[in-house]
Every structure is written in C-alpha cells, then in structure tokens.
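The block underneath contains the structure these notes are about, expressed in structure tokens.
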Amino acid sequence: METKKLSYNQHGISDYLFTVSALALPKVIGLDRSSVIRYGIMGINLLTYNLLSNHRYGAVKTIKRKTHLHIDLFNIALLSSLAVFPFVHRNKKVLTYHLAYTALAAVNVLASDWKEKEDENKYLFI
Numbered sequence: 001m002e003t004k005k006l007s008y009n010q011h012g013i014s015d016y017l018f019t020v021s022a023l024a025l026p027k028v029i030g031l032d033r034s035s036v037i038r039y040g041i042m043g044i045n046l047l048t049y050n051l052l053s054n055h056r057y058g059a060v061k062t063i064k065r066k067t068h069l070h071i072d073l074f075n076i077a078l079l080s081s082l083a084v085f086p087f088v089h090r091n092k093k094v095l096t097y098h099l100a101y102t103a104l105a106a107v108n109v110l111a112s113d114w115k116e117k118e119d120e121n122k123y124l125f126i
C-alpha cells in the first residue's frame, strides 16, 4: 500500500500556516502576554527560514531541503524541551496550545517527503 506524503512544496505551505498560528492564535485564544511574545518569536523564526527555503513558495531560495529538515528537527526538539519550563507547564491553556502546536509540527515534518524527485506526481495536491 502506497502512502501519500506531503511534497516539499506542500510542507512550505503548511509552514506558512504554522507561522500564522504562532503569530496570531496565542493572542486570539487569550494566552498571557509573555506567551504571545514567545510564540511570536517562534513564528518569525519559522517565517524567516521558510522564506529562505528553496521550495516553490520560498522567496529567496537559499536554504536547501536537507537544511530545512535539520532546522525543523531542531525546532521540534526545542519546542519539546520547553514543555518542562514553568511558563509552559504551570498554565493549562499555554500547555494545551504548546503540546498541540508541537505535536502538529512533528506530524508535519514526519508526513513530508524529504527525498522526493522534482517531477513526481504522487502527492495529495499541488
């Protein structure tokens, strides 16, 4: 059975969605000011390296796919480690958002095809 994965271009689109969720959702759902700032910084970080990545929706295309993957893995490890800090685990709303964001980010990276060939047409869309 062949499993469908996200193409690198689709991964780039989902990274933009993660950027928006890091920049907007914490304020919308009423997280405290320091959490809004922290997730805003994470969102700007993601936006920056996504714009610099060489997928179809990158603006500058200087970061290669493998480097993008390594940055994603580092960021997921960083996000995972933040759950032990008091500013995350002492506030249930922050913890819930944080765990959901981290889990979805991990799924996004795991569901992406990091070895795809450019012309392959085996993806969900795009």
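For the sequence shown, the UniProt record's numbering gives the first residue as 1, with consecutive numbering after it.
Cβ coordinates follow ideal geometry from the N, Cα and C atoms, glycine included.
Buried/exposed call for residue i, threshold 16 Cβ in 10 Å
i: ILE37; result: exposed
i: THR96; result: exposed
i: GLY30; result: exposed
i: SER53; result: buried
i: VAL60; result: exposed
i: VAL94; result: buried
i: HIS98; result: buried
i: LEU110; result: exposed
Length of the line joining the Cα atoms of residue i and residue j
i: ALA77; j: THR3; result: 26 Å
i: ALA83; j: ASP32; result: 16 Å
i: ALA24; j: THR67; result: 27 Å
i: HIS55; j: SER7; result: 9 Å
i: THR48; j: TYR16; result: 10 Å
i: HIS11; j: THR62; result: 16 Å
Closest by C-alpha distance to residue i, when choosing among the options
i: TYR101; options: LEU110, LEU79, SER112 and ALA111; result: LEU79
i: VAL88; options: SER14, TYR16, SER34 and ASP72; result: SER34
i: TYR39; options: ARG65, ALA111 and PRO26; result: PRO26
i: ALA103; options: ASN91, ARG65, ASN9 and SER81; result: SER81
i: ASP113; options: ARG65, LEU46, VAL20 and SER21; result: ARG65
Under 9 Å between C-beta atoms of residue i and residue j
i: SER14; j: ASN75; result: no
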